[in-house]
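Following: one structure in structure tokens, then a few remarks.
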Amino acid sequence: MVEGESSGAISVDVDEIATLITEKIHYYSSIAEDGIHKSTISSCFIPKVTKNIRMLDRSAYEPCSLAIGPYHHGNPCLQTFQKKKWSCLSYILFLNRNVKLHDYLNKIAELESKVRNCYLDEMDMDSSEFLQMLLLDGCFILVHLRGLDGMPNYQGNRDENPEITVENNTTQLDRENTNNATSYEVNVDQYDVKHTSTSLGQLEPIGTSSNGKATDGMHANVSLDSEQGQITQEKDARWYVNYAYHDFLLLENQIPFFVIKTIYEVLVGAQDSNRLTDNIAIFIESIIYLYPKAIQETERPKDFHHLLHLCHMYLSPNQQQEQHHSVISPEYFQGILSFGRRYFKVSQHQEEKEKDLILQETSNSHCKGKLCRWRCAAQYHEAGIEFKRREQQEHRPHSLLDVRFHNGVLEVPFLFIDDVTGSRFRNLIALEKTSPHLGNGFTAYAAFIAQLISSPKDVTLLVKRGIIVHQMRSDEHVSVIFTGLLKNIDFDRNGLHYLRSTCIALEEHYQNRINRWMAWLWQNHFSNPWLSLAVLAAIIVLVCTILQLVFALLVYVNPAAENSSAN
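For the sequence shown, counting from 1, position 270 maps to 268 in this note's numbering; every step adds exactly one.
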């Protein structure tokens, strides 16, 4: 009896569990099918960083003052810019009063399913809260990242303003337009937003100067009584403006760009969307203006998933130069000629011709079946490899990742390192690991640089060559930052990546005994110019002595010829 009851209870539990599992299967299957359909349109994925990577440096992945998107939405520590978001929504609504609040919400509501599929982690947000977040964050990015620059200035003739309600100390959009006693109107002066009918520039984006480069100041949305008060306000705002740049380029702090584009198209029309992408690209350029970029003004990206993806596109290696990464080490006689040209500056034009021939004869098949051994800068220097900062050329631009090695010279683009470099690099690496279709170029570059400057003396060497300029406490701190970038990151140095051929060529040069012997000879004996002159003089004396001996032998062997010539 007891056994039967127990068996019946178990069967009921199994049925309930089976029902729940079936419901879950249907739910996630529908999401997966919808996600596959959306991926044909856009492969935008915004995941959370895994715990094993986050634990190494939480501050590198989490926002300091600005929450964008659902992952950090509602965090009480990230309310600094919340007031500004409502100011930006008010500003957008004021610019074109012929477009109602409902128009923006209806358009964004059509994208809700598509946007949710972009976030790989589950979100505990209902549709109302989710749509409000997208609208506020989209308007904030649109205004503060210069997305409205060059937009036609019109306000329409509609007198009414959108209503906002405050419930339980949280602000929510009143889409029903009810006359609740706690509601209040959003007007153009609220939150100190300045509007004029002549210029959008008075609502200046955060931390950008007139020349388009990022600055430390805050010039936007401040209405004070005196010039002195405005200066004080700007100084007080600098600390969180700097953090805002950090927060804009975090993987977890993104919303799909098509949301921002939709808001812009509702505001001004779909025919002018290219101006929006150009404006956003210009702002990202102002943040990373110290990094070399291969993308020119006429080639600015038009199709990107979010702000971090746009930054990744700017720093990606130039596709036209990838063929130059694979080089073969010079033969012995080529090494000797290269040594002579390098130190005695002879036949520079011929050297350039030989360089081009070597690059043309190189192919990726040369690298098949070979293992990559990556070494530090000091070891390469001991093998005679010369480090040189790669200079930007107008007709052949390069990006931060365009490392090139030829004829014993490793050309590395300029790298500026400050307090946010580690965080920015970590997020770009995380972006590649979670979006394999973007490639692994930045991960390969980070691994290469991390190995190249694995000790303080390596950093010192590259600093002397002008390749690295940093604002850290010491060269050791720079080395520590980069050596920790790929911890807990799975990256195969012998796999397929754009630096594979370059690293193999470096290793071949390093293993060449002639190259190492010539480097040792120069670094230990010929580095003194007076000693070099003495050796040159000794060589001249030796040559003259040999010539004198040859002539003496000729006279001894054929004295008759000499006598006849004398007569």
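Glycine included, C-beta positions come from ideal geometry on N, C-alpha and C.
Pick from the options that is closest to residue i, judged by C-alpha positions
i	options	result
THR441	SER477, THR481 and PHE414	THR481
HIS435	TYR287, PRO254, ARG371 and HIS303	HIS303
ARG52	LEU249, LEU399, VAL264 and LEU308	LEU249
PHE446	MET311, CYS501, LEU129 and ASP124	CYS501
LYS112	LEU129, ALA550, ASP101 and VAL97	LEU129
ARG422	ILE479, PHE403 and GLU380	ILE479
GLY406	ASP473, ASN510 and ARG56	ASN510
LEU118	GLN469, PHE43 and LEU459	PHE43
ILE286	LYS83, LEU305 and ASN438	LEU305
ILE261	LYS485, ALA536, LEU87 and TYR102	TYR102
ILE139	PRO74, ASP122 and LEU64	LEU64
PRO45	HIS393, TYR59 and ILE544	TYR59
SER126	GLU392, HIS379, ARG394 and GLU108	GLU108
ASP488	ASP276, ALA444 and LEU531	ALA444
ALA268	GLU474, GLU384, PRO68 and MET149	MET149
ASN574	ASP147, VAL548, TYR378 and ASN486	Residue 574 is absent from the structure shown; the chain starts at -1 and stops at 565.
GLU110	CYS86, ASN96, PRO68 and ILE15	PRO68
CYS116	ARG56, SER433 and ILE538	SER433
HIS475	ASP490, ASP124, ILE538 and THR458	THR458
Cβ-based neighbour list, residue i, same chain, cut-off 8 Å, excluding 5 preceding and 5 following
i	result
CYS374	GLN449, LEU450, ILE451, SER452, SER453 and ASP456
MET311	ILE293, PRO299 and PHE302
SER271	LYS259, TYR262 and GLU263
GLN377	TYR508
CB-CB length for residue i against residue j, believed under 8 Å
i	j	result
LEU265	ILE90	6 Å
SER397	PRO290	6 Å
ILE106	LEU132	5 Å
HIS70	ASN251	7 Å
GLY136	ILE282	GLY136 to ILE282, Cβ: 17 Å. No contact.
LEU494	PHE403	Incorrect: roughly 18 Å between the Cβ atoms, too far for contact.
LEU429	HIS307	7 Å
ARG471	CYS370	With a Cβ gap of about 32 Å, ARG471 and CYS370 do not count as contacting.
LEU399	SER314	6 Å
ARG424	ASP55	7 Å
Burial state of residue i, where buried means 16 or more other Cβ atoms lie within 10 Å
i	result
ILE19	exposed
LYS431	buried
ILE427	buried
ASP11	exposed
TYR554	exposed
LEU274	buried
PRO254	buried
GLY439	buried
ALA381	buried
LEU146	buried
LYS82	buried
ASP473	buried
GLN321	Interpretation of GLN321 is limited by its pLDDT of 47, a score under 50 that renders its predicted location unreliable; no figure is taken from the coordinates.
HIS142	buried
CYS567	Since the displayed the chain opens at -1 and closes at 565, residue 567 lies outside it and no answer follows.
Proximal residues to residue i (C-beta, below 7 Å), its chain only, five neighbours per side dropped
i	result
HIS244	CYS62, VAL418 and SER421
LYS98	none
GLN390	PRO290 and HIS396
THR17	none
Any non-hydrogen atom of the ligand NAP closer than 8 Å to residue i Cβ
i	result
LYS105	The ligand content of the structure shown is nil, which means the ligand NAP is not present either.
Cβ shell of residue i (< 6 Å), same chain only, five flanking positions each side left out
i	result
PHE414	LEU288 and VAL467
GLN469	ASP416
Any C-beta of chain B under 9 Å from that of residue i
i	result
THR48	As a matter of chain content, chain B is missing from the structure shown, which is built from one protein chain.
With a threshold of 8 Å, are at least 3 pairs of Cβ atoms found where one atom belongs to the stretch 410 to 423 and the other to the stretch 459 to 474?
yes
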